[in-house]
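Chemist: So the sequence lines, in the order shown, correspond to chains G and F. Residue numbers 1 to 148, in full-length UniProt numbering, belong to the letters of the first sequence in order. Residue numbers 1 to 148, in full-length UniProt numbering, belong to the letters of the second sequence in order. We put the beta carbon where it would ideally sit given N, CA and C, even for glycine. Got a structure here, written out as structure tokens. Questions coming.
Number of protein chains: 2
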Amino acid sequence: MEEGTLKSPSNCGDTGPEQDFDINNWDVREGCEVRQILDRVADKWSLLAIAHLERRTLRFSELRRLIDGISQRMLTVTLRQLERDGLVRRTVYPVVPPRVEYELTPMGATLHTTIRSLVDWTEGHQQEIARARAEYDSRQGEADAPVA
Amino acid sequence: MEEGTLKSPSNCGDTGPEQDFDINNWDVREGCEVRQILDRVADKWSLLAIAHLERRTLRFSELRRLIDGISQRMLTVTLRQLERDGLVRRTVYPVVPPRVEYELTPMGATLHTTIRSLVDWTEGHQQEIARARAEYDSRQGEADAPVA
DNA sequence: CGGTATCCGTTCTGATACTG
DNA sequence: CAGTATCAGAACGGATACCG
């Protein structure tokens, strides 16, 4: 293994719910995992894998076909991370052609709402962002050389 | 500039709100920006910058001190991206010691709820994930050589 | 003060090849 | 089928130096 398999969770003391947005708490330097978990959850492949698994249990190759932009390597890595985080359960059936199934754990399933709100926001503001982007780029295009 | 300054927004046709979770829609290959926007929003530095700006308008150097793990380069890059996406407004005061202020745009402010739910989920499941991680790691430790 | 430009090591990722 | 191992290229991110 070579991927980001950062061990030693280093449980940080719960800071309590009353302080809204203790920003420094998200930071990696604090030894907390908020940031780290966020990265996993917001990760491109993780998000897609979870989304598909939200529908039903899937085999490795099924996921591969469904996500399809993904390489075998990244699918394996992603699935392993999700399994390690307890978001996905991996079941191996010791049959002649190996059969491995992946499904969301209860905790994994609770991500639905959260992810949904993120995607909703993004979809809802897609146009507005595109407009902002176009405007910004054209402002830059005045000073800088237009590519085409 | 060298950073991910992917131009040409390529506005993709709105697929409509009735279909819940059209997964392929998030994918980068579709030419849509959902994935891309998500990356921005979930980005470590973006998240921190937005969180601080949620409190009040800040100057460049103030942000730098507040985030503090960040390099000048990354702060600039992050702020520029957020500005381009229309999430942050940059105001330059042409005074002798240059003064530049950053503040959230109305759209940027709407991120609050979304980000909050993400962070809430993460904080709420931090312990459970840590436990899952520890368990997974120990399971691996049996088969693989314990480091220490 | 608030950047920009450059260099450069680290990380991420995809392609490829091999295995139980 | 479902991986693992290896390698190379691309992207990321920090340190540094210089500018309006």
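Is T114 of chain G buried or exposed, if buried means 16 or more other CB atoms sit within 10 Å of its CB?
Modeler: By the 16-neighbour rule on beta-carbons within 10 angstroms, T114 of chain G is buried.
Chemist: Using a Cβ cut-off of 8 angstroms (strictly closer), state whether R84 of chain F contacts chain G.
Modeler: The beta carbon of R84 of chain F sits closer than 8 angstroms to some beta carbon of chain G.
Chemist: Put L104 of chain G into one of helix, strand or coil per three-state DSSP.
Modeler: Looking at L104 of chain G - three-state DSSP - the assignment turns out to be strand.
Chemist: Roughly how many whole angstroms lie between the Cα atoms of L118 of chain F and L53 of chain G?
Modeler: Going from the Cα of L118 of chain F to the Cα of L53 of chain G covers about 19 angstroms.
Chemist: Looking at the secondary structure, which residues open and close the alpha helix (DSSP H) in which T57 of chain F lies?
Modeler: Element bounds for T57 of chain F: n/a, residue is neither H nor E.
Chemist: Quick one: which residues of the region 64-78 of chain G get their C-beta closer than 9 angstroms to a C-beta of chain F? List them in chain order.
Modeler: L66, I67, D68 and G69
Chemist: Give the range of the alpha helix (DSSP H) segment to which V41 of chain F is assigned.
Modeler: V34 to A42
Chemist: What did DSSP end up calling V88 of chain G once you bin it into helix, strand or coil?
Modeler: strand
Chemist: What is the rounded straight-line gap between the Cα of P98 of chain F and the Cα of D39 of chain G?
Modeler: Distance between the alpha carbons of P98 of chain F and D39 of chain G is about 35 angstroms.
Chemist: Going by other Cβ atoms of all chains shown within 10 Å of its Cβ, with 16 needed for buried, is V88 of chain G buried or exposed?
Modeler: buried
Chemist: Quick check: the region 44-64 of chain G against the region 101-109 of chain G, are there 3 or more CB pairs under 8 angstroms?
Modeler: yes
Chemist: What does DSSP give as the partner residue(s) for Y136 of chain G in the beta ladder?
Modeler: Y136 of chain G pairs with nothing; no bridge assigned.
Chemist: Please confirm whether T122 of chain F has its beta-carbon closer than 8 angstroms to some beta-carbon of chain G.
Modeler: yes
Chemist: Run down chain G in chain order and give the residues with a C-beta less than 7 angstroms from the C-beta of A109 of chain F.
Modeler: Near A109 of chain F there are no residues of chain G at all, since even the closest Cβ is about 12 angstroms away, more than 7 angstroms.
Chemist: Between the region 61-81 of chain G and the region 122-134 of chain G, do three or more beta carbon pairs fall short of 8 angstroms?
Modeler: no
Chemist: Checking contacts by CB at 8 angstroms: is R133 of chain G closer than that to chain F?
Modeler: yes
Chemist: Can you name, in chain order, every residue of its own chain whose Cβ lies under 6 angstroms from the Cβ of G108 of chain F, other than the five neighbours on each side?
Modeler: L87 and V88
Chemist: Under three-state DSSP, which class holds Q72 of chain G?
Modeler: helix
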